[in-house]
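Engineer:
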Amino acid sequence: MSETSARALIERYFRAFNAGDHDGMLACVADDLTHDAEEQGREIGKDKFRWYLGMRARHFREQASDLVVMIAPGGGRAAAEFTLRGSYVSTRQGFPDANGQSYSLLAGVFFEIDDGLMSRITEYRDLAAWKAQLSRA
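For my numbering, add 21 to where a residue sits in the sequence shown, where the first one is 1.
1. A100 to A119, Cα distance in whole Å?
2. Along the chain, where does the beta strand (DSSP E) that runs through G107 open and close?
3. Can the beta-carbon of L126 be found less than 7 Å from the beta-carbon of W151?
4. One question on the structure: do V110 and R82 come within less than 7 Å of each other, judged by their Cβ atoms?
5. By alpha-carbon positions, which one of Q122, D52 and A85 ends up nearest to Y34?
6. Could you work out which residue in D147, R113, V90 and Y124 is closest to R106 when comparing CA atoms only?
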């Protein structure tokens, strides 16, 4: 995949994220996607990612802003850094009680791209800082 096409794929993914368009996000990923999230661990497959997106939507309303996308030569790997802003709308197991708390975190995501689709998504955010912000209600 060209670097230009890889950048377009990442930007399309984040536009769908900001629109709450799970189908749009899922259209960017391979069926055998490897997804790593700090709070969730590693999961394999588009169906598990669909479940993860639904779980996140039940508990959080989020937007990615200040997006910076970096593409490796050849377009097979990419990274994105952004500010994750959101509100916590429903209590999630292992997290403080939800009452609409707002939060803002610096976050990063690494991508592998194969055959025009994301084959790996690895998410990073400071889980302790996130929970600390949610605890200040």
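Cβ atoms here follow ideal geometry from the backbone N, Cα and C, with glycine treated the same way. This one's a predicted model, so the numbers in the text were calculated from it and none came from an experiment.
Structural biologist: Checking against the coordinates, here is how it stands:
1. On the sequence shown, position 79 is the one that residue 100 refers to. On the sequence shown, position 98 is the one that residue 119 refers to. A119 has its alpha-carbon roughly 30 Å from the corresponding atom of A100.
2. Taking the sequence shown and counting its residues from 1, the one referred to as residue 107 is at position 86. DSSP places G107 inside the beta strand (DSSP E), whose first and last residues are R98 to Y109.
3. By one-based count along the sequence shown, residue 126 stands at place 105. By one-based count along the sequence shown, residue 151 stands at place 130. Taking 7 Å as the cut-off, the beta carbon of L126 is found closer than this to the beta carbon of W151.
4. Numbered from its first residue, the sequence shown carries residue 110 at position 89. Numbered from its first residue, the sequence shown carries residue 82 at position 61. Result yes, Cβ atoms of V110 and R82 sit closer than 7 Å.
5. The residue you call residue 34 lines up with position 13 of the sequence shown. For the residues Q122, D52 and A85, the minimum Cα distance to Y34 belongs to A85.
6. Residue numbering aside, residue 106 sits at position 85 when the sequence shown is read from its first letter. The option with the nearest alpha carbon to R106 is Y124.
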